[in-house]
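Using numbering that gives the first Met the number 0, you'd call the opening residue of the sequence shown number 0 and step up by one each time. Ideal Cβ placement from N, Cα and C applies to all residues, glycine included. This structure is a prediction, so every number in the text was calculated from the model and none was measured. Below: the structure, in structure tokens.
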Amino acid sequence: MINTIIVTPFLNILVTLYSLLPGHDFGVAVIVFTIIIRIVLWPLASKALHSQKAMQELQPEVEKLKKRYKDKAELNKALMELYKEKEINPMGSCLPTIVQLPFLFSMFYAFLKFKNPDFVMLANEDGISALLYPFVKNLSFVKDILSTQSAISTTFLGAINLGKASVVLAVFAAATQFFQTKMMSPAKNKDETQKMMGQMTYLFPVMTFAFGMSLPAALPLYWGVQSLFAIFQQYWVMHRDVSFMEHLKNTVGKKK
């Protein structure tokens, strides 16, 4: 069931990219796939960043309401009215993470298979070739790979075996995760929620490194590339998106 719904579609896309791209580098195929996913999710991720930034800008007013209303029900009502007035969806920043979960699961289960060297052997009847769709096998560039190679090479840049754990890529994923979360961390951490966000800035990279050292290197490669893309998108949205900054000024920045 998992193979049919999650693993097989992803492997077919990955093998197609691997066969199509010059050099037939498995790592490059993972990078290109990651970038394609991030481009498709660009509008959704941008809206999430807008929501996250607006929530940060609104924090002083939220703190005032917390001091004014001691009753939790009254506070929640006041907060909902504030969010409605400022045109903010407090849950808007969560949607891209939820949408990306199927891709993460597909990669996780697929890359676990690459830990078995026999899986990438094209002559293996129970290997990767058995999971390819007929129309994928009939693509000319895929046919060339199936007929000229004995196995799908899982190396990246001819040096890193993406079927095994890699210290280099685990560090890469952790470092990019740190800079990504750091970019969105509030400058002042007075609120308890903000303090927790500050702690997560360091906790997430540590967790990423730990997972990266226990899983096939293709996963930290994916995490690192998607974090790099997210850093670029965060910079663009926060510093180059003129329409958003103007909207933020006219809504959140507008005083009562």
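In DSSP terms, what residue i is bridged to
i      : result
Thr154 : Asn160
Met120 : Ala150
Backbone CA spacing between residue i and residue j [nearest angstrom]
i      : j      : result
Ala174 : Gln198 : 15 angstroms
Arg37  : Phe155 : 21 angstroms
Asn11  : Met206 : 30 angstroms
Lys65  : Leu100 : 34 angstroms
Tyr221 : Asp70  : 45 angstroms
Gly211 : Tyr201 : 16 angstroms
Phe32  : Phe140 : 17 angstroms
Pro98  : Ile34  : According to the sequence provided, residue 98 is Val. The question's Pro does not apply to it. Cα-Cα distance, rounded: 15 angstroms.
Gly162 : Ala129 : 19 angstroms
Ile144 : Ile87  : 50 angstroms
Ser105 : Arg67  : 47 angstroms
Leu74  : Lys52  : 22 angstroms
Ser83  : Leu20  : Contrary to the premise, residue 83 reads as Lys rather than Ser in this sequence. Using only the alpha carbons, I get a separation of about 48 angstroms.
Tyr17  : Met237 : 35 angstroms
Thr180 : Leu227 : 11 angstroms
His23  : Ser152 : 8 angstroms
Ser50  : Lys142 : 46 angstroms
Gln148 : Ala122 : 10 angstroms
Ser146 : Asn137 : 12 angstroms
Asn115 : Leu13  : 17 angstroms
Gln58  : Cys93  : 18 angstroms
Pro219 : Ala72  : 43 angstroms
Val170 : Lys76  : 44 angstroms
Phe110 : Lys46  : 31 angstroms
Ala209 : Val166 : 10 angstroms
Pro42  : Leu103 : 19 angstroms
Gly157 : Thr3   : 31 angstroms
Phe118 : Glu124 : 9 angstroms
Glu80  : Glu56  : 16 angstroms
Phe131 : Phe9   : One point to set straight first is that residue 131 is Leu, not Phe, in the sequence displayed. One C-alpha to the other measures close to 10 angstroms.
Leu40  : Phe178 : 20 angstroms
Gln225 : Lys85  : 30 angstroms
C-beta contact flag for residue i and residue j at 8 angstroms
i      : j      : result
Gly126 : Leu168 : no
Ile230 : Gly26  : no
Met120 : Pro89  : no
Ile30  : Tyr108 : no
Pro215 : Ala150 : no
Pro204 : Gln176 : yes
Ala44  : Pro95  : yes
Phe113 : Ala28  : no
Gln233 : Met182 : yes
Thr15  : Val135 : yes
First and last residue of the uninterrupted alpha helix (DSSP H) at residue i
i      : result
Lys85  : Per DSSP, Lys85 belongs to no alpha helix (DSSP H) and is neither H nor E.
Asn115 : Premise fails: Asn115 is in no alpha helix (DSSP H) and is neither H nor E.
His238 : 217-238
Lys46  : 41-56
Pro8   : 7-19
Met182 : 166-182
Lys136 : 133-136
Beta-carbon separation (whole angstroms), residue i vs residue j, contact threshold 8 angstroms
i     : j     : result
Val61 : Leu78 : 7 angstroms
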